[in-house]
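Asker: Dropping a structure here in C-alpha cells format, bear with me for questions.
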Amino acid sequence: MPDRTESESRKLLGRLRDTLADESAGQTRLDRITHLIADSMGTEVCSIYLFRDAETLELCATEGLKAEAVHQTRMRVGEGLVGRVARAATPVNTKDAPSERGFRYMPETGEEIYSSFLGVPIQRLGETLGVLVVQSKEERLFSDDAIYALEVVAMVLAEMTELGAFVGEGAALAKPHQQAVLIRGGTGQEGTAEGHVWLHEPRVVITNLVADDPEAERQRLHDAVDRLRVTVDDLLKSVTSTDKDQRDVLETYRMFANSRSWMRRMEEDISRGLSAEAAVEKEQSSAHARMGQVPDPYLRERLHDLDDLSNRLLRILSGQGRDTGAEIPADPILVARNIGPGELLDYGRSLKGVVLEQGSVGSHAAIVARALAIPLVINAARITTEALNGDPILVDGDQGIVHLRPEETVTKAFRDKIAMQAEAQQRYVSLRGLPAEAKCGTVIDLHMNAGLMADLPSLDGSGAQGVGLFRTELQFLVRNTMPRRSELASIYARVLDAAKGKPVVFRTLDIGSDKVLPYMKPNEEPNPALGWRAIRVGLDKPGVMRMQLQALIRAANGRPLTLMFPFVAQLEEFRAARAHVDREIERERALGHPLPSELKVGAMLETPSLAFAPDAFFREVDFISIGGNDLKQFFFAADRENELVRRRYDTLNVSFLTFLQGIVQRCAEHGTPLSFCGEDAGRPVEAVCFAAIGMRALSMRPASIGPVKSLVRRVDLAEAKAVIDEAFGSGAQSVRAAVTDWLARSTA
Ligand code: PEP
Ligand code: MG
0 MPDRTESESR KLLGRLRDTL ADESAGQTRL DRITHLIADS MGTEVCSIYL
50 FRDAETLELC ATEGLKAEAV HQTRMRVGEG LVGRVARAAT PVNTKDAPSE
100 RGFRYMPETG EEIYSSFLGV PIQRLGETLG VLVVQSKEER LFSDDAIYAL
150 EVVAMVLAEM TELGAFVGEG AALAKPHQQA VLIRGGTGQE GTAEGHVWLH
200 EPRVVITNLV ADDPEAERQR LHDAVDRLRV TVDDLLKSVT STDKDQRDVL
250 ETYRMFANSR SWMRRMEEDI SRGLSAEAAV EKEQSSAHAR MGQVPDPYLR
300 ERLHDLDDLS NRLLRILSGQ GRDTGAEIPA DPILVARNIG PGELLDYGRS
350 LKGVVLEQGS VGSHAAIVAR ALAIPLVINA ARITTEALNG DPILVDGDQG
400 IVHLRPEETV TKAFRDKIAM QAEAQQRYVS LRGLPAEAKC GTVIDLHMNA
450 GLMADLPSLD GSGAQGVGLF RTELQFLVRN TMPRRSELAS IYARVLDAAK
500 GKPVVFRTLD IGSDKVLPYM KPNEEPNPAL GWRAIRVGLD KPGVMRMQLQ
550 ALIRAANGRP LTLMFPFVAQ LEEFRAARAH VDREIERERA LGHPLPSELK
600 VGAMLETPSL AFAPDAFFRE VDFISIGGND LKQFFFAADR ENELVRRRYD
650 TLNVSFLTFL QGIVQRCAEH GTPLSFCGED AGRPVEAVCF AAIGMRALSM
700 RPASIGPVKS LVRRVDLAEA KAVIDEAFGS GAQSVRAAVT DWLARSTA
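Structure below.
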C-alpha cells in the first residue's frame with residue numbers, strides 16, 4: 000500500500016472541509032468522514048473514538064468495523080491500544096496489534112481480522128477529545144508520513160465544534176473547557192470572589208483551517224515568523240532590568256522563533272493542506288500535550304514559552320489583537336500567565352479577583368492586588384490553558400485555590416463562605432469607631448499600609464488611625480519613565496489631603512532586590528535581596544532620593560511630615576540619610592517654600608544588625624518601624640520569596656519573639672516610639688503576641704484591621720504575656736500552640 004502523498008492529503012482535507020460544512024445530520028457526516036479517511040489512507044478500517052466522560056472513550060463512527068458496535072463499544076483511558084493513545088496523547092503504530100502490550104480484544108467490533116493499527120489523538124488546544132484509528136489486514140508498520148497525515152486529519156476533526164453530539168444518546172461528552180477544574184496555587188492576596196474569567200491574553204480563534212494554496216500559506220507563515228523574530232528581538236533589546244526570568248523567557252522565545260525544526264514541522268502541516276494558522280495551532284497542541292507529561296519543571300516552562308510564542312504568531316497571522324471584541328463579563332476575574340503592575344492597575348477596581356499562572360507573593364502584581372484589595376491566587380498551574388473567557392470561576396485567595404467551571408455544590412459552599420465573611424466584615428464595621436483596647440485597658444494603635452492612591456478610600460472604611468507605611472516605590476514601578484518631582488509632589492499632597500489630618504508615614508524609595516525600575520540600568524547582582532537596594536542606593540546615588548525628599552517637603556506644604564528610610568543597617572546610614580533631609584529642608588527654606596510644621600524622621604528596622612546598634616541610634620531616630628518581612632527573612636536566613644522556605648519558620652518562634660522583645664526593650668529604654676509594619680502585624684494571633692510583648696503600634700493591610708481589632712478587644716494582654724512566658728520556659732520551639740490554645744479558651 001503506497002504512503003499518502005502530500006497532494007492526496009490536501010485532497011482529503013478539502014473533502015473533509017466540504018463534509019464538515021455539509022448540512023446533513025452529525026452522525027451521517029461523521030460516518031462519511033471515516034469513509035473518506037479510510038479511502039484516502041488506503042486502509043480497511045477508520046474509526047473515531049470520543050471521550051464520553053473524563054475516563055471513558057466510546058466508538059462513535061467507523062468504516063470497516065461492525066456497525067452495531069457504534070455507541071456500544073467503550074473503553075477506559077489507558078485500556079487497550081485506543082486507551083493508550085488517549086492517555087499518552089501520542090500515536091501508537093504497530094503492525095501486529097493483537098500481540099501488542101495492552102491490546103484488548105473487542106469481540107463486538109469484529110476487529111480480530113485486522114493486524115496493523117495506527118491511532119492518533121484528536122486534540123484541541125492540548126486537550127484530548129478522542130482517538131482516530133486506522134487499521135488494515137495487511138501486516139505493516141505505517142510510515143512517519145502516514146502518521147503525520149493522520150495527525151493533520153485529526154487536527155481538522157478536532158475543530159468540529161459539535162463533536163460532543165456524536166456520543167451516545169443523551170450522554171454528555173467531556174468536551175474540552177467544559178469540565179469543572181480545581182487548581183491549587185498559592186495565596187497572593189487573601190479574600191474570596193465569585194465571577195467570570197477575563198483573559199488578559201485571549202486565545203486566537205481560527206476559522207480557516209484548511210487552505211488550497213500551500214505556497215501562499217507558506218509565504219504567510221514565513222512573513223509572520225519574520226515579524227515575530229523582529230518583535231522578540233525588540234523585546235529583548237528593551238529588557239533593561241536585571242529581571243533574569245524575563246530575559247530567560249525572551250531568550251527561549253528567540254530560540255524557538257529561529258528553530259528550524261519548528262518551522263519545518265509547520266511547513267509540513269501546510270503541505271498537507273492546513274492553513275498557516277492551523278499549522279501553528281497543531282504544533283501548539285502537541286506542545287500542550289507534551290507539557291502535561293514532562294516531569295522536569297524547567298522543560299515544562301520552556302514548552303509553555305513555546306505556547307506563548309505560538310499565540311503571538313497566531314495574533315500576527317490572524318490580525319487579532321488582544322482585543323478580540325469580546326465583552327468584558329460581569330464580575331470579571333482576570334486570568335493571566337503573569338502581569339505587570341501597570342497593566343493590573345489599568346484594570347483597576349473593576350476586577351473582582353486575579354489568578355496568575357506564575358507570580359510570587361512579593362511580585363509587583365501582588366503588591367498592586369493588595370493595594371486594590373482584590374483576592375489573588377498565584378502559581379495556578381495550567382489556568383491560562385484551561386480557562387476561556389466568560390467561564391464561571393471561584394477564587395479563594397485565603398487558601399490559594401481556584402475552582403473553574405465549578406459544580407453547583409462547590410458554588411453553594413463557596414457562597415456560604417463568602418456570606419460568612421461578609422457577616423464578619425459587618426461586625427468589623429461596627430467596631431470601626433472603637434479603639435483596639437484590650438481587656439486590660441491597653442490601647443494598640445492600628446494603622447494601615449498603603450502605596451497607591453487607590454488604597455486611600457480604605458483609610459475611612461477600615462477605621463485605621465493613619466497610614467503606618469506608605470510604600471512610595473509603587474509610583475515609580477507602575478510607570479515607564481522616572482516620575483518628575485512635580486508629579487510626585489502632587490501625588491503626595493493628594494495622599495495627605497485624603498488622610499484629612501491623620502498621620503501618614505512615607506517610606507522613601509525602596510528599590511533594588513525584587514523591585515527593579517524598568518527605566519533604570521540593570522545591575523547584575525548574585526543576591527539582590529542582600530545587595531544594592533533601598534537606602535544603599537539612595538546614599539550612593541542621592542539624586543533620586545533628594546528629588547523625592549523635595550517632593551515630600553513641598554507636598555506637606557506647611558503640614559506635618561513623617562518619613563522613614565528603608566533598610567537601614569547601621570547608625571551611620573541613618574545619620575547620612577537624615578543629613579540629606581536637613582539639607583533639603585534648608586534648601587527649601589532658602590527658596591522661600593513653606594516648611595513642614597512638624598518633621599519626624601524614622602528608620603525601618605529590617606536587618607538584625609540595627610537591633611544591636613549603638614544607643615545613639617535609638618536616641619537620634621524619631622521612631623522605628625520594624626519591617627518584619629525583611630527582618631524575618633534575614634533573621635532566619637530564609638528568602639521571603641522562595642516558596643520552599645518562606646513558611647518554614649514561624650513568626651511566633653521563640654527565638655524570633657525573644658529577638659523582637661529585645662528591640663521593644665531597647666526602644667523603651669530610650670523612649671523611642673516603635674511600630675511593626677510587616678505582613679505579620681495583620682495576622683490576629685501574631686498581632687496579639689506583638690502587643691503582649693510590648694508593641695503599641697501595628698500597621699497592616701486595611702482588611703486586617705477589623706479582625707485584629709476584634710481579637711485584641713477580647714483579650715487581656717497581661718494574660719497573653721504570661722502564656723508566652725510560660726511557653727518560653729516550656730522548651731517549645733514556637734509559642735503558637737500555647738497561645739492559640741489559650742485564645743480558644745479565653746475568647747470562647
Ligand atoms: C517589610 O520588609 O516588612 C516591609 C514592610 O517592607 P517591604 O515589604 O516593602 O519590603
Ligand atoms: Mg522591607
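For the sequence shown, numbering that gives the first Met the number 0 begins at 0 and goes up steadily by one.
Where is the CB? At the ideal position from N, CA and C, for every residue including glycine.
Near Val-663, what residues of its chain come up, given a Cβ to Cβ distance below 7 Å and the 5 sequence neighbours on each side ignored?
Answerer: Leu-673, Ile-692, Gly-693 and Met-694
Asker: Say the cut is 8 Å; is the CB of Glu-605 nearer than that to a heavy atom of ligand 3?
Answerer: Absence of ligand 3 from the depicted structure is noted, with ligand 1 and ligand 2 being the only ligands included.
Asker: Which runs of the beta strand (DSSP E) at least 3 residues long sit entirely within the region 462–493? Give them in chain order.
Answerer: 466–470
Asker: Can you find the residues in the same chain that come closer than 8 Å, C-beta to C-beta, to Phe-573, ignoring five residues on each side of it along the sequence?
Answerer: Contacts found: Phe-564, Val-567, Ala-602, Phe-616, Glu-619 and Val-620.
Asker: Where are the beta strand (DSSP E) runs, 3 residues long or more, that stay fully inside the region 656–732, in chain order?
Answerer: Within the region 656–732, the complete beta strand (DSSP E) runs of at least 3 residues are 673–675 and 696–699.
Asker: For ligand 1, which residues count as neighbours when the test is a C-beta closer than 5 Å to any heavy atom?
Answerer: Gly-626, Gly-627, Asn-628, Asp-629, Cys-676 and Gly-677
Asker: Can Phe-675 and Ser-624 be called in contact, C-beta distance under 9 Å?
Answerer: yes
Asker: Have a look at the DSSP bridge pairing and note the partners of Trp-197.
Answerer: Leu-333
Asker: Jot down the residue ranges of each uninterrupted beta strand (DSSP E) in the region 581–607, minimum 3 residues, whole runs only, in chain order.
Answerer: 598–604
Asker: So, helix, strand or coil for Gly-399, using DSSP?
Answerer: coil
Asker: Just to check, is the beta-carbon of Phe-573 closer than 8 Å to a non-hydrogen atom of ligand 2?
Answerer: If you check the C-beta of Phe-573 against ligand 2, you find no heavy atom less than 8 Å away.
Asker: Would you say Phe-566 touches ligand 2, meaning its beta carbon is less than 8 Å from a heavy atom?
Answerer: Checking every heavy atom of ligand 2 against the Cβ of Phe-566, one is found closer than 8 Å.
Asker: Do Asp-715 and Ala-435 count as a contact pair if the criterion is CB distance below 9 Å?
Answerer: no
Asker: Answer yes or no: do Leu-551 and Leu-487 have a C-beta to C-beta separation smaller than 9 Å?
Answerer: yes
Asker: Can you tell which of Leu-117, Arg-535, Thr-230 and Leu-12 has the C-alpha that lies nearest to the C-alpha of Leu-208?
Answerer: Leu-12
Asker: Report the residue ranges of all beta strand (DSSP E) runs contained in full by the region 530–583; include only those spanning at least 3 residues, in chain order.
Answerer: The region 530–583 contains these whole beta strand (DSSP E) runs: 560–567.
Asker: I think Ile-146 touches Val-180, with their Cβ atoms under 8 Å apart; what is that distance to the nearest whole Å?
Answerer: Not quite, the Cβ-Cβ distance comes to about 31 Å (not below 8 Å), so this is no contact.
Asker: Rounded to whole angstroms, what is the Cα-Cα separation between Thr-18 and Glu-5?
Answerer: Distance between the alpha carbons of Thr-18 and Glu-5: 20 Å.
Asker: Exposed or buried, Arg-28, counting other C-beta atoms within 10 Å across all chains shown (16 or more means buried)?
Answerer: buried
Asker: Could you please give the first and the last residue of the uninterrupted beta strand (DSSP E) stretch that includes Ser-115?
Answerer: Per DSSP, Ser-115 belongs to the beta strand (DSSP E) from 115–123.
Asker: Answer with buried or exposed for Arg-219, where buried requires no fewer than 16 other C-beta atoms within 10 angstroms of its C-beta.
Answerer: Under this definition Arg-219 is a buried residue.
Asker: Give me, in chain order, the residues of the same chain whose beta-carbon lies closer than 6 Å to that of Glu-150; leave out the 5 immediate sequence neighbours on both sides.
Answerer: Same-chain partners within the cutoff: Val-119.
Asker: Give every residue of the same chain whose Cβ lies closer than 7 Å to the Cβ of Pro-374, excluding the five residues on either side of it in the sequence, and list them in chain order.
Answerer: Gln-188, Glu-189, Gly-190, Thr-191, Ala-192, Gly-352, Val-394 and Gly-396
Asker: Report whether the distance from the Cβ of Asp-509 to the nearest heavy atom of ligand 2 is below 8 Å.
Answerer: yes
Asker: Which residues does DSSP list as the beta-bridge partners of Cys-59?
Answerer: Answer is none; Cys-59 lacks a bridge partner.
Asker: With three or more C-beta pairs closer than 8 Å as the rule, is the region 695–705 touching the region 636–652?
Answerer: no
Asker: How would you call Cys-439, buried or exposed, if buried means at least 16 neighbouring beta carbons within 10 angstroms?
Answerer: exposed
Asker: Name the DSSP bridge partner or partners of Phe-505?
Answerer: Phe-469 and Leu-562
Asker: Can you name, in chain order, every residue of its own chain whose Cβ lies under 8 Å from the Cβ of Ala-286, other than the five neighbours on each side?
Answerer: Gly-125, Leu-302, Leu-305, Asp-306 and Ser-309
Asker: Roughly how many angstroms lie between the CA atoms of Gly-729 and Ala-736, to the nearest whole one?
Answerer: For the sequence presented, residue 729 should be read as Ser rather than Gly. Their Cα atoms are separated by approximately 12 Å.
Asker: Return the residue from the list Ile-205, Asp-222, Arg-582 and Phe-413 that minimises the CA-CA distance to Glu-266.
Answerer: Asp-222
Asker: Residues in the same chain with beta-carbon distance under 7 Å from Leu-476, minus the five sequence neighbours each way, listed in chain order, please.
Answerer: A distance below 7 Å between beta-carbons, with the five flanking residues on each side excluded, links Leu-476 to the following residues of its chain, in chain order: Pro-340, His-363, Lys-514 and Leu-516.
Asker: Hey, how far is the Cα of Leu-630 from the Cα of Leu-604?
Answerer: 7 Å
Asker: Can you name the start and end residues of the alpha helix (DSSP H) that Gln-134 belongs to?
Answerer: Where Gln-134 is concerned, there is no enclosing alpha helix (DSSP H), although the beta strand (DSSP E) it sits in stretches over 126–135.
Asker: Under 7 Å Cβ to Cβ from Glu-282, same chain only, skipping five residues before and after it: list those, please.
Answerer: Trp-261, Arg-264, Met-265 and Ser-309
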